[in-house]
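Have a look at the structure below before the remarks.
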Amino acid sequence: MVQSIIKSNQLISDQLCERFKKDIEKGRYKPNTPLPSFGTLAEHYGISKSTVHEAFKILAEEGYLYPKQGKGTFINPEKVITPQGGKLTSVAVIAFNVFSASDNSMVPLMEAMNTQTSRMGTGLHVHYINGMSVQQEENSVVRDAIAENRYQGLIIVSPLDVGDIEWFGSLRLPFVAATARYHLNIPQVSLDNAHAATLATQLFCEHNATRIAAFIGPVSWERQGITPYARELADAFANESHNHGLSIELVPCEYSIENAKAKALELLSKGVRFDGYFFQADVIARGALAAFKEMNIDPASAICVNYCDRDDHLVQYNVRKPLYDIGDKAFALLEALHSGQEVDHKHIVVQPFIA
């Protein structure tokens with residue numbers, strides 16, 4: 001059936017542009033599928049192919065369309081407006097694929113979000129990506145799904161590149177970061193890691209531990225606008241050391257049992273002993289404790305504090321990450337953004353506590 005363009009004093013090509021803009025913004029056309037040919041569109045709208053060509057030229061100049069050599073003309077996904085309101089039916093969770101089987105930091109987050117999605121009947125899709133950007137070619141399946149508006153919202157649980165965050169914003173797709181702190185004005189739920197260092201120091205001081213080895217995550221990676229947990233802890237421990245007269249040696253580790261064990265063996269083989277140990281995560285604690293066992297060192301001979309994700313039985317003292325709370329608050333914030341509610345605080349900070 002021919003869809004005629006309304007005739008007026010406005011040029012037909014201009015009218016077609018306006019019609020096409022509305023269709024693009026409503027998501028009628030998929031970003032990764034070439035548009036129909038000039039001839040097909042001309043027949044569809046009851047106009048000439050030259051008019052379609054002129055309209056496409058205008059739309060390309062305004063950034064709505066772009067050609068791919070030999071593949072056709074495609075729409076710019078940044079021009080698609082994601083509709084708000086109504087019930088969340090499909091949400092994607094984006095995480096790095098580097099989580100090892102022994103790293104259970106994701107478990108409480110997912111438990112919280114599964115509880116929420118079960119209550120609401122929302123589909124939850126978890127994507128583990130390669131590298132640190134959704135837009136890398138090896139993540140094209142996830143990238144295309146986001147660009148094609150298959151999800152009504154995103155929850156970011158690994159520190160993606162700032163370029164990804166800007167891209168999500170350009171798509172007008174509601175999202176919440178529930179990971180390392182972004183120094184951006186975006187919806188996010190983050191941990192007060194400096195408070196964790198304060199609580200750990202409190203435990204050390206109460207038990208007269210003055211020489212501390214702090215096994216933290218990697219601090220070598222630096223990216224614009226993002227502060228990793230380990231960097232927050234390192235800076236906070238530097239302040240605590242100065243304020244309380246403690247000697248705190250930082251031991252950066254990867255988030256794996258094998259690496260944490262190797263770093264602990266390297267440190268302990270020097271013959272230096274500490275009266276306090278801090279572990280940034282369960283997986284790091286497990287690796288360091290394996291080294292203790294191999295060297296016949298009793299963990300009970302020192303004050304051990306685990307900044308625990310889930311396992312609060314590994315050592316005698318624990319500062320707990322409220323990860324379930326982060327997942328719960330992240331989903332609630334996403335729900336509010338999707339429904340168009342006025343959100344007073346887009347950055348929610350949750351505090352760890354002594355378990």
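Here the sequence shown stands for residues 1 to 355, where the numbers follow the UniProt record's numbering.
Heads up, the beta-carbon is just placed ideally off N, CA and C, and yes, glycines get one too.
For residue i, the nearest candidate out of the options (CA to CA)
i	options	result
residue 370	354, 178 and 311	With the chain running from 1 to 355 in the structure shown, residue 370 is simply not present.
residue 224	286, 132 and 278	132
residue 287	165, 124, 258 and 58	258
residue 350	181, 263 and 289	181
residue 330	187, 220 and 241	187
residue 261	291, 37, 300 and 129	291
residue 218	255, 238 and 56	255
residue 246	206, 196, 275 and 210	210
residue 157	57, 35, 165 and 96	96
residue 299	289, 308 and 306	289
residue 212	199, 222, 166 and 241	241
residue 231	196, 204 and 314	196
Where residue i falls, given that 16 or more other Cβ within 10 Å makes a residue buried
i	result
residue 33	exposed
residue 6	Unreliable placement is indicated for residue 6, whose pLDDT of 42 sits below 50; the coordinate value is still reported in the next sentence. Exposed.
residue 67	exposed
residue 169	exposed
residue 61	exposed
residue 193	buried
residue 47	buried
residue 276	buried
residue 220	exposed
residue 116	buried
residue 206	exposed
residue 354	exposed
residue 243	exposed
residue 113	buried
residue 306	buried
residue 57	exposed
Inter-residue spacing [alpha-carbon to alpha-carbon] between residue i and residue j
i	j	result
residue 253	residue 227	16 Å
residue 120	residue 190	24 Å
residue 201	residue 145	45 Å
residue 176	residue 154	6 Å
residue 273	residue 129	40 Å
residue 171	residue 77	7 Å
residue 127	residue 143	10 Å
residue 238	residue 267	20 Å
residue 263	residue 312	22 Å
residue 280	residue 20	53 Å
residue 164	residue 346	18 Å
residue 13	residue 36	17 Å
residue 403	residue 93	Absent from the model: residue 403. The displayed extent of the chain is 1 to 355, so no value can be given.
residue 184	residue 160	13 Å
residue 3	residue 55	Legend: pLDDT at residue 3 = 47, less than 50; position of this residue unreliable, value from coordinates given subsequently. Answer to the nearest angstrom: the Cα atoms are 16 Å apart.
residue 250	residue 107	27 Å
residue 29	residue 215	51 Å
residue 123	residue 24	25 Å
8 Å contact criterion, which residue i and residue j should meet: CB distance rounded
i	j	result
residue 334	residue 348	Wrong, their Cβ atoms sit about 12 Å apart, outside the cutoff.
residue 317	residue 297	Incorrect: roughly 17 Å between the Cβ atoms, too far for contact.
residue 352	residue 310	In fact, because the Cβ distance is near 13 Å, the residues do not count as touching under 8 Å.
residue 323	residue 16	Between residue 16 and residue 323 the Cβ distance is about 52 Å, and since that is not below 8 Å, they are no contact.
residue 152	residue 89	6 Å
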